[in-house]
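A.B. asks: One structure follows; several queries about it will come next.
Residue numbers (the numbering used here), protein chains in the order written: chain A, 178 to 437; chain B, 178 to 437.
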């Protein structure tokens, strides 16, 4: 059984690039998913697995899942722990990592656009926030996610992992600006989430499909032009002293109110 | 104006220890708070600032806040960026860091115990989760936090920063076990948050003060003995596919439902 030992191998180097660079992911049409659970999620979601890296330890420990991933992967590559550490994005790697073709979600999206409840994200920068929001969106059965192209890359390894595989299953699309999306879809009622005690409280809003809630950047919120393009401004009423909530918490509470 | 350049200085070394070691914090009764906003929050909350480290750049950039912190600090120490990087816990340090005496919150806690809405955390391990939960708890005016002693250290620098200063303002107490706390406070109605579709939905529960919701470890949830000690089991109904929410999101949604 061949085990790859060289960190200078071209396959290792190109995988490291996919880990680090959004541009490399865009240009190659590939991204990485790391972890036993997330790799298995990719397979269950019929993702196109191009390469499957595993350490010998991980293979032995998770033999059944290893076999299933290996069966669908174009290529399975056993590597030493040192090589795995090179391609891994985590501090305590589990020893499974897949290179996957980026997903085509557009057609999926179009069929639900007249009846769904959506979340639109503008310039959300932190990959941990984005991953957590996707995870919440899936937990509460949001129909799909719209992202402006200045959001953090959805194929960032931290997003894929933090989403617990929701990236594979949630319909999403990336647009130039949220304003463009809203103008192109006037049938969808749009709500701008703002920190403004004069805006309508989320507890008083009827979220009737098709509708979309638009959420802005962690520090700066939404662009004023985006707020102006929305049907209505809404806010999370806060009783306490903190100026605002963590961005992914705020988004998750809004999702909760949209769906429940 | 003296600027400390040596990383080997005893003051620098003891501060690095406070950053890294919960034991060092416990034994010295000191912890660190980093960042312009968080250090200023400490001062506004009348925390006892023992040392205030600043770079010259940060002093010039935030002169007014520098002066206010410096006025209450026992000792103000200007350091080079290299020394600051040593004591700092962040990748892009803002150049302000305070060493602070741990807070006495017990008396504060006792006075509200008969009328408040509380959150109890059992074995919550991730400092980012704990910081985010404290931030949400303050935003929605939770009365206080109870933590089992096997939770991540509330004085961990990541918790202090992630809480956006809520650590300084929120009443909290640390107990041996949550079960002990519940037995000692039978007047407080207790709700065990579980992932169990048979438990009562949080949307159907009346959270009447005094009450406490108990939240468990990120991966394993609550101890069965803790669940058994609670008045009732409650759950967040999930319509979608994800198995569970991020721990800090789940806690925040429960807080939201407790308070609104």
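Beta carbons: idealized from backbone N, C-alpha and C, even for Gly.
None of the values given here were measured: they were computed from a predicted structure.
Select from 359(B), 340(B), 353(B), 349(B) the residue whose C-alpha is nearest the C-alpha of residue 421(A).
C.D. replies: 340(B)
A.B. asks: Taking 7 angstroms as the limit between beta carbons, can you name the residues of its chain near residue 350(A), skipping five residues before and five after?
C.D. replies: Once the five neighbours on either side are set aside, the close Cβ partners of residue 350(A) are 282, 283, 286, 323.
A.B. asks: Over what stretch of residues does the beta strand (DSSP E) that includes residue 352(B) continue unbroken?
C.D. replies: Its beta strand (DSSP E) spans residues 349-352.
A.B. asks: Measuring CB atoms only, is the region 211-224 of chain A touching the region 241-250 of chain A, in the sense that at least three cross pairs come out at less than 8 angstroms?
C.D. replies: yes
A.B. asks: Between residue 404(B) and residue 358(A), what straight-line distance do the alpha-carbon atoms span, to the nearest angstrom?
C.D. replies: Distance from the CA of residue 404(B) to the CA of residue 358(A), rounded to the nearest whole angstrom, comes to 47 angstroms.
A.B. asks: Determine the burial state of residue 363(A): buried for a count of at least 16 other Cβ atoms within 10 Å of its Cβ, exposed for fewer.
C.D. replies: exposed
A.B. asks: Count the CB pairs spanning the region 407-419 of chain B and the region 364-377 of chain B that are closer than 8 angstroms, and state whether there are at least three.
C.D. replies: yes
A.B. asks: Mind reading off the beta-carbon distance from residue 277(B) to residue 230(B)? Whole number of angstroms is fine, and I expect it under 8 angstroms.
C.D. replies: At roughly 12 angstroms, the Cβ-Cβ gap does not stay under 8 angstroms, so residue 277(B) and residue 230(B) are not in contact.
A.B. asks: How big is the Cα-Cα spacing for residue 226(A) and residue 211(A)?
C.D. replies: Spanning the two alpha carbons is a distance of roughly 12 angstroms.
A.B. asks: Since residue 317(B) meets chain A, which of its residues come closer than 8 angstroms, beta carbon to beta carbon?
C.D. replies: Within chain A, the residues near residue 317(B) are 415, 416, 417.
A.B. asks: Start and end of the beta strand (DSSP E) containing residue 411(B)?
C.D. replies: 409-412
A.B. asks: With a CB to CB cut of under 6 angstroms and the five nearest residues on each side skipped, what residues in its chain are close to residue 182(A)?
C.D. replies: 257
A.B. asks: Determine whether the beta carbon atoms of residue 387(A) and residue 293(A) lie at a separation below 8 angstroms.
C.D. replies: yes
A.B. asks: Would you mind telling me which residues of chain B sit closer than 7 angstroms to residue 437(A), beta carbon to beta carbon, in chain order?
C.D. replies: 380
A.B. asks: Can you find a C-beta in chain B that's less than 8 angstroms from the C-beta of residue 394(A)?
C.D. replies: no
A.B. asks: If you draw a straight line from the C-alpha of residue 295(B) to the C-alpha of residue 329(B), how long is it?
C.D. replies: 18 angstroms
A.B. asks: Cβ closer than 8 angstroms: which chain A residues qualify as neighbours of residue 422(B)?
C.D. replies: 312, 313, 316, 429
A.B. asks: If you draw a straight line from the alpha carbon of residue 345(B) to that of residue 374(B), how long is it in whole angstroms?
C.D. replies: 37 angstroms
A.B. asks: Can you list, in chain order, the residues of its chain whose CB lies under 6 angstroms from that of residue 309(A), leaving out five sequence neighbours each side?
C.D. replies: Cβ neighbours of residue 309(A) beyond the five flanking positions: 339, 425.
A.B. asks: Between the alpha carbons of residue 398(A) and residue 429(A), how many angstroms are there, rounded?
C.D. replies: 16 angstroms
A.B. asks: Report yes if the CB atom of residue 208(A) is closer than 8 angstroms to the CB atom of residue 301(A), and no otherwise.
C.D. replies: Contact flag unset, no.
A.B. asks: For chain B, check one thing: does any of its Cβ atoms lie closer than 8 angstroms to the Cβ of residue 412(A)?
C.D. replies: no
A.B. asks: Please name the residue or residues paired with residue 286(A) in a DSSP beta bridge.
C.D. replies: Answer by DSSP bridge pairing: none, since residue 286(A) is not bridged.
A.B. asks: Residues of chain A with a CB under 7 angstroms from the CB of residue 426(B): which are they?
C.D. replies: 309, 313, 425, 426, 429
A.B. asks: Which residues bound the beta strand (DSSP E) around residue 297(B)?
C.D. replies: 294-298 is the extent of the beta strand (DSSP E) around residue 297(B).
A.B. asks: By DSSP, does residue 179(A) sit in helix, in strand, or in coil?
C.D. replies: In the structure shown, residue 179(A) sits in coil (DSSP, three-state: anything other than H, G, I, E or B).
A.B. asks: Identify, in the order they occur along the chain, each residue of the same chain with its Cβ nearer than 6 angstroms to the Cβ of residue 202(A), setting aside the five sequence neighbours on each side.
C.D. replies: 195, 208, 332
A.B. asks: Using 10 angstroms around the beta-carbon of residue 271(B), count the other beta-carbons present and answer buried if the total reaches 16, otherwise exposed.
C.D. replies: buried
A.B. asks: Please classify residue 221(A) as buried or exposed, where buried requires at least 16 other C-beta atoms within 10 Å of its C-beta.
C.D. replies: In summary, residue 221(A) is exposed, with fewer than 16 beta-carbon neighbours lying within 10 Å of its beta-carbon over all protein chains present.
A.B. asks: Comparing C-alpha positions only, which one of 334(B), 261(B), 433(B) sits nearest to residue 279(B)?
C.D. replies: Of 334(B), 261(B), 433(B), the smallest CA-CA separation from residue 279(B) is found for 334(B).
A.B. asks: Please work out which residues of its chain come closer than 7 angstroms, Cβ to Cβ, to residue 305(A), disregarding the five sequence neighbours upstream and downstream, and give them in chain order.
C.D. replies: Contacts found: 335, 339.
A.B. asks: Straight-line CA distance for residue 378(A) to residue 415(A)?
C.D. replies: 10 angstroms
A.B. asks: Helix, strand or coil for residue 375(A), going by three-state DSSP, please let me know.
C.D. replies: In this structure, residue 375(A) counts as coil in the three-state DSSP scheme.
A.B. asks: For residue 315(B), is the classification buried or exposed, using 16 other Cβ atoms within 10 angstroms of its Cβ as the cut-off for buried?
C.D. replies: Buried: at least 16 other Cβ atoms inside 10 Å.
A.B. asks: Quick check: is any heavy atom of the ligand MG less than 7 angstroms from the C-beta of residue 331(B)?
C.D. replies: Among the components modelled here there is no ligand, and therefore nothing to report on the ligand MG.
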